[in-house]
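>
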Amino acid sequence: MSTENDAKQADQALDATDAVTPAAPQAVTPTPGAQLRQARESKGLTVAQIAKETMLTARYLTALEADDYEALPGSTFVRGYLRRYAPLVGLSANTLVAEFDGIWQARNLAAAPLIDAQVHALQQERVASRRGNRRASMFARTAYHLSLTRLLSLGSALLLIVLLVASFFWNDAADPVTPSESTSAAELNLDASSIEPTAEAPIDSLPAESVEPLPNATDAESGAAINSIEASAEGNSSAANTAVGSEANAQGATITPPVAEPSATSAANVPVVQSTPEPAEAAEPTPPSIDTLSFTFTGKSWISVRDATGQELVYGLKNAGQAVTVSGQPPFAINIGSVRDTQMSRNGTPVNLKPYTRGEIASFRLGR
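Count along the sequence shown starting at 1, add 1342, and that's the number in the working numbering.
1) Output yes or no for whether 9 angstroms exceeds the beta carbon distance between F1442 and L1424.
2) Return the Cβ separation of S1631 and P1672 in integer angstroms, given the expectation that the two are a contact with Cβ distance under 8 angstroms.
3) For Y1666, report the span of its beta strand (DSSP E) as first-last.
4) Measuring CA to CA, which of L1502, S1384, V1656 and P1374 is closest to N1436?
5) Kindly confirm or deny that the segment 1701–1708 and the segment 1665–1679 touch, where touching means at least three C-beta pairs closer than 8 angstroms.
6) Q1391: which of A1376, R1421, Y1427 and T1418 sits nearest, CA to CA?
7) Alpha carbon to alpha carbon, how far is V1647 from S1434?
8) Identify the continuous alpha helix (DSSP H) that holds A1400 and give its terminal residues.
9) Give me the Cβ distance between M1686 and L1635, rounded to the nearest whole Å; I'm assuming they're in contact under 8 angstroms.
10) Tell me whether R1710 sits in a helix, a strand or coil according to DSSP, three-state version.
11) For Q1664, tell me which candidate among L1403, D1683 and T1396 has the shortest Cα-Cα distance.
12) In terms of alpha-carbon separation, which member of A1650, S1669, V1681 and T1651 lies closest to G1641?
13) Within 10 angstroms of the Cβ of S1489, are there 16 or more other Cβ atoms? Answer buried if so, exposed if not.
14) Using the Cα positions of L1505 and A1499, report the straight-line distance between them to the nearest angstrom.
15) Determine the burial state of V1469: buried for a count of at least 16 other Cβ atoms within 10 Å of its Cβ, exposed for fewer.
16) Do you know offhand how far A1478's Cα is from S1495's?
17) Which of the three DSSP states is assigned to S1552 in this structure?
18) Who are N1677's beta bridge partners in DSSP?
19) Does the separation of the CB atoms of G1444 and A1381 fall below 9 angstroms?
20) Taking the straight line between their C-alpha atoms, what separation do you get for T1560 and W1512?
21) Quick one: Cα of P1697 to Cα of E1383, how far?
22) On the criterion of 16 or more Cβ atoms from any shown chain inside 10 Å, does L1438 qualify as buried, or is it exposed?
23) Cutting at 7 angstroms between CB atoms, please list the residues of its own chain near S1417, excluding the five before and the five after it.
24) Taking the straight line between their C-alpha atoms, what separation do you get for V1420 and D1633?
25) I need the straight-line Cα distance from V1666 to Q1465, nearest angstrom please.
26) Can you pull the DSSP bridge partners for Q1685?
27) By Cβ distance, which residues of its chain are closer than 7 angstroms to A1393, with the 5 residues on each side in sequence left out?
28) If the criterion is Cβ atoms closer than 9 angstroms, does the pair I1645 and G1679 meet it?
29) Can the beta-carbon of L1659 be found closer than 9 angstroms to that of G1422?
30) Would you please state the rounded distance, in angstroms, between the beta carbons of F1639 and N1661? I believe it to be under 8 angstroms.
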């Protein structure tokens, strides 16, 4: 029994020792920027010397050593900077790039919930604004319909009043038909058959020398009517009607007024149809110009090209010996990571990149 008790006491003592003994601290791996700074200082190099060798600015190198990736152009550029810097201080470029990728990925994962929350908040704001806009639009539409109905009613009433007033003045301004005009029109419509014969003078009252045998009454009446119509049409009836002149005068044949000749003003009142010139055909729009850009790489270089429409023509890291040709609408937004390893031409004409270069990077806009 004593042996078993001793064993139990020994086990309890070991457990207590394990609980009291603190765990050994885990080694913390320095960041890529810290490794570069330590290696540079151990070799006795300055930031200016590294900037001269890598063709990078001192500001970019300081941000790289401080792991301030927000101050650098982007993850692709950071990888290129690490590959240039690491060999100068005796470090492995692949190792530093892999460590940077892990840090970059972890940072993006940590920022994802915050981004999701911001996106959700923006969506809620948009939904609320849409509801408010919908209500405001509904109120505005209702007010518009009411105002439109009132305007239509008022316009209809005004139009009715104008029509009534215009019809009143139109009736007053119309000329009435005079009795003389109606009488002359009735006389113009008389036919030869409507002429009534008048009483003939007694033959006994006429002088003997003037008495001549007359035709019967019917022939005399017909002759008088014919003579009166010919006299009204030709205007020279005095010589042709000497034999029956007295009887024709007694009957009072109607004289037809002369027909009015068409005046010159009637021709002037005819509307003149004017020929309208046909509209000229609209000029067709000029199609946008398309330029061709060619890139040749003698070393590794990152490149990004966008045209005027915002389309991304090329994007990514290119290796030595590669050639890229793209076409698009100018102007172009161009970013080149390594100018010394990149040659560019536009429509077959070489483009000088020196005016756009800062350090080893060229970021510029190529116009028309």
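All C-beta atoms, glycine included, are put in the ideal place defined by N, C-alpha and C.
Keep in mind the model is a prediction, meaning the values are calculated, not measured.
Taking the definition as stated:
1) Against a cut-off of 9 angstroms, the Cβ pair of L1424 and F1442 comes out as a contact.
2) 7 angstroms between Cβ atoms; contact.
3) The identity of residue 1666 in the sequence shown is Val, whereas the question assumes Tyr. A1665 to G1670 is the extent of the beta strand (DSSP E) around V1666.
4) Per the Cα distances, P1374.
5) Remark: three or more beta-carbon pairs, one from each stretch, lie closer than 8 angstroms, so the segment 1701–1708 and the segment 1665–1679 are flagged as touching.
6) Nearest to Q1391 by C-alpha distance, out of A1376, R1421, Y1427 and T1418, is Y1427.
7) Our two residues, V1647 and S1434, have alpha carbons roughly 31 angstroms apart in a direct line.
8) Start and end: A1400 to E1407.
9) At roughly 7 angstroms, the Cβ-Cβ gap stays under 8 angstroms, so M1686 and L1635 are in contact.
10) In this structure, R1710 counts as coil in the three-state DSSP scheme.
11) The shortest C-alpha separation from Q1664 is found at D1683.
12) The closest CA to that of G1641, considering only A1650, S1669, V1681 and T1651, is found on V1681.
13) Residue environment for S1489: exposed (fewer than 16 other C-beta atoms within 10 angstroms of its C-beta).
14) Approximately 10 angstroms, taken between the alpha carbons.
15) Burial call: exposed.
16) For the pair A1478 and S1495, the Cα-to-Cα distance works out to about 26 angstroms.
17) In this predicted model, S1552 has a pLDDT of only 40, less than 50, meaning its place in the structure is not dependable; the value taken from the coordinates is given anyway. Note: S1552 maps to coil in three-state DSSP.
18) Answer is S1646 and S1705.
19) Between G1444 and A1381, the CB-CB gap reaches or exceeds 9 angstroms.
20) The predicted model places T1560 with a pLDDT of 42, which falls under 50 and marks its position as unreliable, so this point remains unresolved.
21) Each residue's Cα considered, the two are about 34 angstroms apart.
22) L1438 is buried by the Cβ-count criterion.
23) W1446, listed in sequence order.
24) So the alpha carbons of these two residues sit roughly 31 angstroms apart.
25) Computed Cα separation, rounded: 41 angstroms.
26) For Q1685, the beta-bridge partners assigned by DSSP are T1638.
27) Result list for A1393: T1399, A1400 and L1403, in chain order.
28) The answer is yes: Cβ separation under 9 angstroms.
29) Yes, these two residues count as a Cβ contact at 9 angstroms.
30) Rounded, the Cβ-Cβ distance is 7 angstroms, consistent with contact.
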